[in-house]
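Rendered as structure tokens:
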């Protein structure tokens, strides 16, 4: 993973983050969040994955159903944010991927490996966002203050 600060003005920073073949996306985004000391940010990305594990949250069981796609897929839309949770940057990502046959699959991104690249644009806001654990779901939900 490589990154470059491309804009820095009035507390808003914009980064280009590029993942290389084989890199795991969530681990890389978490690492970047720590290195850049992100407290409130949003991001979008395009590229492709060699495999992806999607999640669909089941509120009754309070866990994610896993949807594995073990094939090459284009990243049609990847969006997410970063907020502080228990003193660390927490990454929340949703993705829609397209398969060779033109079908699309989407959900919460649980894991993905890049092939050949993933190009992420990260925009940090001049402020702080916090996540707190919701007792009903067990999820770390955004609680702007």
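In our numbering, the protein residues as written are 7 to 151.
Cβ atoms here follow ideal geometry from the backbone N, Cα and C, with glycine treated the same way.
Selected residue, minimal CA-CA separation from residue i, among the options
i: residue 83; options: 126, 95, 131 and 137; result: 126
i: residue 110; options: 80, 132 and 119; result: 80
i: residue 43; options: 94, 7 and 69; result: 94
i: residue 149; options: 108, 107, 92 and 115; result: 92
i: residue 45; options: 53, 56, 97 and 60; result: 97
i: residue 87; options: 58, 38 and 104; result: 38
i: residue 8; options: 15, 50 and 24; result: 24
i: residue 103; options: 89, 78 and 49; result: 78
i: residue 85; options: 40, 128 and 15; result: 128
Opening and closing residue of the alpha helix (DSSP H) in which residue i lies
i: residue 35; result: 31-41
Counted within 10 angstroms of its Cβ, other Cβ atoms place residue i as buried (16 or more) or exposed
i: residue 62; result: exposed
i: residue 60; result: buried
i: residue 115; result: buried
i: residue 113; result: buried
i: residue 66; result: exposed
i: residue 11; result: exposed
Span of the beta strand (DSSP E), counted from its first residue to its last, around residue i
i: residue 127; result: 110-130
i: residue 90; result: 79-91
DSSP-derived helix/strand/coil call for residue i
i: residue 144; result: coil
i: residue 26; result: strand
i: residue 14; result: strand
i: residue 104; result: strand
i: residue 133; result: coil
i: residue 68; result: coil
i: residue 75; result: strand
i: residue 149; result: coil
i: residue 45; result: coil
Residue i CB to nearest heavy atom of the ligand GTP below 8 Å
i: residue 41; result: Here there are no bound small molecules, and the ligand GTP is not part of this structure.
Q. Should the segment 135-144 be called in touch with the segment 23-42, which here means at least 3 C-beta pairs below 8 Å?
A. Short answer: they don't touch.
Q: Kindly confirm or deny that the segment 12-24 and the segment 68-75 touch, where touching means at least three C-beta pairs closer than 8 Å.
A: No: fewer than three Cβ pairs fall under 8 Å.
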